[in-house]
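Let me begin by presenting the structure, written as structure tokens, before commenting on it.
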Amino acid sequence: MRMPDASQNARIAAPSPARNSRTSTSPFFALVSARFAALPRRVAPLFMTRSSQMNCSSLDSLSYCLVVRVGRFQVEIFSDGILRLDGGAMFGIVPKALWDKEKPADDRNRVALDMNCLLIRDGAGNVVVVETGAGPKLTARSQEIFGIDEPPRLLGELARRGVRPDEVTLVVNTHLHFDHAGGNTYRDGEKLVATFPRASYVFQRLEWVDANAPNERTRGSYFAEDYAPLEASGKLELIDESVEILPGIRLDRIQGHTRGTQTVRVSDAGETLFFSSDFMPDRHHLRLPWIPAFDLFPLETLAAKKAILARAVSEKWIVGFTHDLPRFGRILERDGKLRFEEVAP
């Protein structure tokens, strides 16, 4: 069996030449640099604080925090690519007149969302990937519906960071929707095989149960080819509720988006990093009533947001989101309002 690599990933899901022309060198750097450059200059000071407050560095000299140290852990955030979903569904009961100011929709009422992943290294040989993006297996029709017009970046981004697929020891999916678990597997000829051959894949037992028995509402989000082959290969590790999967790395089940959604916390040396999962997909959803229509249990999302945001503020957690621009920051409360403050390296 041939190991997957970044070039293979690109070939499997290659877009048209015209679309691909934007990504001739480093797709991640080109896209993110362009999007940051397009921000109004007056915005930058609002989101920045001193890098000394967070042990933070960046790649490619981007002026946003992409890498942090949490004690012995090095944690990096990067995007597998852009997904476009209906804005009304993303913001639930919030009127478009409000959310469109924050995240303008395209001519099909879709908003652009990064599909963020984490790379966590503890210096002791553990290499953890959190989320695998949409992956290389989507049909052309699905790519068109969801506005995915570039090859997946996951393997290329790992390669840039010096990580081969066979060096990853653990893969965590916050849940099994296709935009979070699509890169778990790839096609090797006629077979579906695990992208990371030495890794265990970890998710909640409830998520596994629901993904394998989707109902009329949920079946459009779960693609069995992303996770079913893992069971036969013996790479599946199902957990229940809250578990410390490695010393300093904790997964907590947060029912809201799905029954089996889980968040990720990395803690060491008095510092904590929190990766939100989709119960709070980006900084716009810090507002308590802003809950996606995709959430199966919105009132439980609301309760979880209240509890977790209170801790994030009081304990000064470092925070990363699943569907925001890939960066780290902290959540601050000012005049009774919450804001996400990015950290410049």
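Quick note on our numbering: the sequence shown kicks off at 10 and runs consecutively.
Every residue gets a Cβ at the ideal spot worked out from N, C-alpha and C, and that includes glycine.
Item, Value
"Pick from H332, G243, D261 and W326 that is closest to A278, judged by C-alpha positions", "W326"
"Cβ contact check for the segment 235 to 242 and the segment 273 to 291: 3 or more pairs under 8 Å", "no"
"Separation of P335 from V352, as counted between CA atoms", "12 Å"
"Residue from L341, R339, T331 and K346 with nearest C-alpha to T141", "T331"
"8 Å CB neighbourhood of V252 in its chain, flanking five on each side removed", "R259 and L260"
"Under the three-state DSSP convention, the category L318 falls into", "helix"
"The alpha helix (DSSP H) enclosing V218, as first and last residue numbers", "R214 to A220"
"Residues that Q264 bridges to, as DSSP identifies them", "Beta-bridge pairing links Q264 to no other residue."
"Residues bridged to G329 (per DSSP)", "F284"
"For P301 and D344, the rounded distance between their alpha carbons", "25 Å"
"Per-residue DSSP class, three states only, for N193", "helix"
"C-beta contact flag for L201 and Y231 at 9 Å", "no"
"For L341, the three-state DSSP class (helix, strand or coil)", "strand"
"Option in S276, R262, G265 and P206 with minimal Cα separation from R130", "S276"
"Close beta carbons around S70, own chain, < 7 Å, minus the five adjacent residues each side", "The predicted position of S70 is uncertain, since its pLDDT is 42 and thus under 50; a value taken from the coordinates is nonetheless stated next. Counting only Cβ-Cβ distances below 7 Å, and skipping sequence neighbours, we find nothing."
"Unbroken beta strand (DSSP E) run spanning A203, endpoints", "K200 to A203"
"Assumed close pair F205, V138 - CB separation to whole angstroms, cut-off 8 Å", "7 Å"
"Where R272 falls: helix, strand or coil (DSSP)", "Note on residue identity: the sequence assigns Thr, not Arg, to residue 272. Note: T272 maps to strand in three-state DSSP."
"Neighbourhood of T272 by C-beta, 8 Å cutoff - its chain only, sequence neighbours within 5 removed", "T183, L260, D261, I263, F283, F284, S285, S286, F288 and I317"
"Extent of the continuous beta strand (DSSP E) to which R348 belongs", "K346 to E351"
"Identity of the residue in R214, A143 and I157 nearest L359 by Cα", "There is simply no residue 359 to check, as the chain begins at 10 and stops at 354 in what is shown."
"Sequence-distant residues of the same chain with beta carbon closer than 7 Å to K315, five excluded per side", "L297"
"C-alpha gap between I254 and R228, whole angstroms", "29 Å"
"Rounded straight-line distance, which links the Cα of R93 to that of L347", "26 Å"
"DSSP-derived helix/strand/coil call for R150", "helix"
"Proximity of F212 and I248 at Cβ, strictly below 9 Å", "yes"
"Opposing strand residues paired with Y210 [DSSP bridges]", "V180 and L245"
"Nonlocal neighbours in the same chain, by C-beta distance under 6 Å from A114, ignoring five residues either side", "G96 and V120"
"C-beta contact flag for G269 and L215 at 9 Å", "yes"
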